[in-house]
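For what it's worth, UniProt numbering labels the leading residue of the sequence shown as 1, then goes sequentially.
We treat Cβ as the ideally placed atom computed from N, Cα and C, and that holds for glycine.
Okay, so here's the structure we're looking at.
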Amino acid sequence: MSVFTSHMDAALAEARAAAGRGEVPVGAVVVAPDGRIVAAAGNRTRELSDPTAHAEILAIRAACAAAGSERLPDHDLWVTLEPCPMCAAAISAARIGRLYYGAGDPRMGGVAHGARVFDHPQCHHRPQIYDGLGAADARALLQDFFARRR
Ligand SMILES: [Zn+2]
């Protein structure tokens, strides 16, 4: 019997670190089938001058590099905020097995909102999706970040 372990705290730690760098506080980790965290990242769009440097993309890139594979079957992705359409497409392309995300994002999200990437027939791989884990903490980080910038 496997014991469920939440990795949302690790993703939230990455989100906090991103806020400390002046980045929008979103964090993500990739967990291998054996339960190890194989990649962890926070947003670095400003630091890298790269609009694609979202936490999920950076974590997936690092996990794929470590695995020596463009696909991560049976891996889980934990992210503090609902992925945007770009990240949802990358999650699908990487064949991530399970997606756990914290807060929903009605403005930029592409899973339960907007593009709803995984719901299209053209989407060839749909992960199992679990939302709402650590949502209050993830939302508080974002609200605090944007309140400070105002
Ligand atoms: Zn994204």
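1. With a threshold of 16 other CB atoms inside 10 Å of the CB of GLU47, please say whether the residue is buried or exposed.
2. DSSP three-state call for PRO85: helix, strand or coil?
3. Compute every distance between the C-beta of MET86 and the non-hydrogen atoms of ligand 1, then say whether any falls below 7 angstroms.
4. So ILE91 and PRO127 are supposed to be a Cβ contact under 8 angstroms. How far apart are they, rounded?
5. Skipping 5 residues on each side, what residues in its chain have a beta carbon closer than 7 angstroms to that of ALA39?
6. What's the C-alpha gap between VAL111 and PRO25?
7. Under a Cβ-count criterion, where at least 16 other Cβ atoms within 10 Å of its own Cβ denotes burial, should ARG5 be classed as buried or exposed?
8. I'd like to check one pair, ALA135 with HIS75: are the Cβ atoms closer than 8 angstroms?
9. Note down, in chain order, each residue of its chain lying with its Cβ closer than 6 angstroms to the Cβ of ARG139, except the 5 sequence neighbours on either side.
10. At a cut-off of 7 angstroms, would you count GLU56 as near ligand 1, judging by its Cβ distance to the nearest heavy atom?
11. Between the alpha carbons of ARG150 and ALA15, how many angstroms are there, rounded?
12. Runs of 4 residues minimum, wholly inside the region 66 to 142: which ones carry the alpha helix (DSSP H) assignment?
13. Where DSSP assigns a beta bridge to VAL30, which residues make up the other side?
14. Closer than 7 angstroms by C-beta to CYS87: which residues in its own chain qualify, once you throw out the five before and the five after it? Chain order, please.
15. I need the DSSP call for PHE4, collapsed to helix, strand or coil.
16. Within the present structure, is the beta-carbon of PRO106 separated from the nearest heavy atom of ligand 1 by less than 7 angstroms?
So, from the data block:
1. Residue 47 sits at position 47 when you count from the first residue of the sequence shown. That one is exposed.
2. Translated into the one-based positions of the sequence shown, residue 85 becomes position 85. Three-state result, PRO85: helix.
3. By 1-based counting over the sequence shown, the position of residue 86 is 86. True, at least one ligand heavy atom lies under 7 angstroms from that Cβ.
4. One-based indexing of the sequence shown puts residue 91 at position 91. One-based indexing of the sequence shown puts residue 127 at position 127. Contact between ILE91 and PRO127 holds: CB atoms are separated by about 6 angstroms, below the 8 angstroms threshold.
5. One-based indexing of the sequence shown puts residue 39 at position 39. Excluding the 5 residues flanking it on each side, ALA39 has same chain C-beta neighbours closer than 7 angstroms at VAL29, VAL30, ALA59, ALA62, ALA63 and ALA66, in chain order.
6. Taking the sequence shown and counting its residues from 1, one reaches residue 111 at position 111. Taking the sequence shown and counting its residues from 1, one reaches residue 25 at position 25. Between VAL111 and PRO25, the alpha-carbon positions lie close to 19 angstroms from each other.
7. Taking the sequence shown and counting its residues from 1, one reaches residue 5 at position 5. This sequence places Thr at residue 5; Arg is not what is there. It is exposed - the Cβ of THR5 has fewer than 16 other Cβ atoms within 10 Å.
8. By 1-based counting over the sequence shown, the position of residue 75 is 75. By 1-based counting over the sequence shown, the position of residue 135 is 135. The Cβ atoms of HIS75 and ALA135 do not sit closer than 8 angstroms to each other.
9. As a working mapping, residue 139 is identified with position 139 in the sequence shown. The answer, listed in chain order, is ALA103.
10. Residue 56 sits at position 56 when you count from the first residue of the sequence shown. Yes, ligand 1 has a heavy atom inside 7 angstroms of this Cβ.
11. Counted from its first residue, the sequence shown places residue 150 at position 150. Counted from its first residue, the sequence shown places residue 15 at position 15. Those two C-alpha atoms are separated by around 19 angstroms.
12. As summarised for the region 66 to 142, the continuous alpha helix (DSSP H) elements at least 4 residues long and confined to that stretch are 85 to 93, given in chain order.
13. Within the sequence shown, residue 30 is the residue found at index 30, counting from 1. Its beta-bridge partners are ALA39 and LEU77.
14. Stepping through the sequence shown from its first residue, residue 87 is reached at position 87. Excluding positions up to five away in sequence, the list reads HIS54, GLU56 and ILE57.
15. Numbered from 1 along the sequence shown, position 4 holds the residue referred to as residue 4. Coil at PHE4, not helix or strand.
16. Working through the sequence shown from its first residue, we reach residue 106 at position 106. It does not: the Cβ of PRO106 is nowhere closer than 7 angstroms to a heavy atom of ligand 1.
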